[in-house]
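Let me begin by presenting the structure, written as structure tokens, before commenting on it.
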Amino acid sequence: MSKQLKQAFLEDLTSYLKYLNHLLTSSLQIKELSEQKDVEALDLAINNRERLLKILHVYKAKVEEKLDQKDRLSFGPEFYQNFEKIEEDIQIFLNFIKKIDKQAIDGLNREKREMVKQISSFSKIKSYLKAV
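Using numbering that gives the first Met the number 0, read the sequence shown as starting at 0 and increasing by one per residue.
Right, here's the structure in full:
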């Protein structure tokens, strides 16, 4: 494989890894905002995350497109083995992000249940006061 193709691949891979890092930062921010109950900032963070996911999918597709089985072999066995390790690390990283997202979602669900309880209690008090 030519040096230009290797360079283009490495640039796309670097961008993909950079956006994975942004995804982690986004997940941590959403988790923190869900704990702080800052609804406006949380909504903005979720919208930014959706855009980030679209960008990530583009770079992932670019990397996969440039690295089909034939291209991997032409890069040479050492490069191929290193990339397999990178793929494993990316998967571990994505699983870590999923755990953070699950914690944030669980926190939001807990908050939602608490709000439902409060609304229910408020409705009961309101009904009681109307009856009196």
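The C-beta atom is built at its ideal place from N, Cα and C for all residues, glycine as well.
Have a look at residue i and residue j and give me their C-alpha separation to the nearest angstrom.
i	j	result
residue 30	residue 9	32 angstroms
residue 36	residue 57	32 angstroms
residue 93	residue 32	21 angstroms
residue 22	residue 129	50 angstroms
residue 59	residue 116	43 angstroms
residue 135	residue 82	The structure shown does not extend to residue 135, since the chain is modelled only from 0 to 131, so the question has no answer here.
residue 121	residue 41	26 angstroms
residue 86	residue 13	13 angstroms
residue 65	residue 112	47 angstroms
residue 98	residue 119	31 angstroms
residue 105	residue 28	15 angstroms
residue 96	residue 114	27 angstroms
residue 84	residue 11	17 angstroms
residue 100	residue 38	16 angstroms
residue 102	residue 109	10 angstroms
residue 43	residue 2	41 angstroms
residue 45	residue 24	12 angstroms
Report the option in the options whose CA atom is closest to the CA atom of residue i.
i	options	result
residue 5	54, 43 and 78	78
residue 47	34, 11 and 26	26
residue 88	20, 103, 24 and 3	20
residue 91	3, 16 and 61	16
residue 50	3, 61 and 18	18
residue 107	44, 34 and 43	34
Every unbroken alpha helix (DSSP H) inside the stretch 36-104 [4 residues or more]: 38-65 and 68-74
For the 8 angstroms Cβ check, are there 3 or more pairs between the stretch 35-54 and the stretch 111-127? no
If we require 4 or more residues per run, which alpha helix (DSSP H) segments fall completely within the stretch 7-37? none
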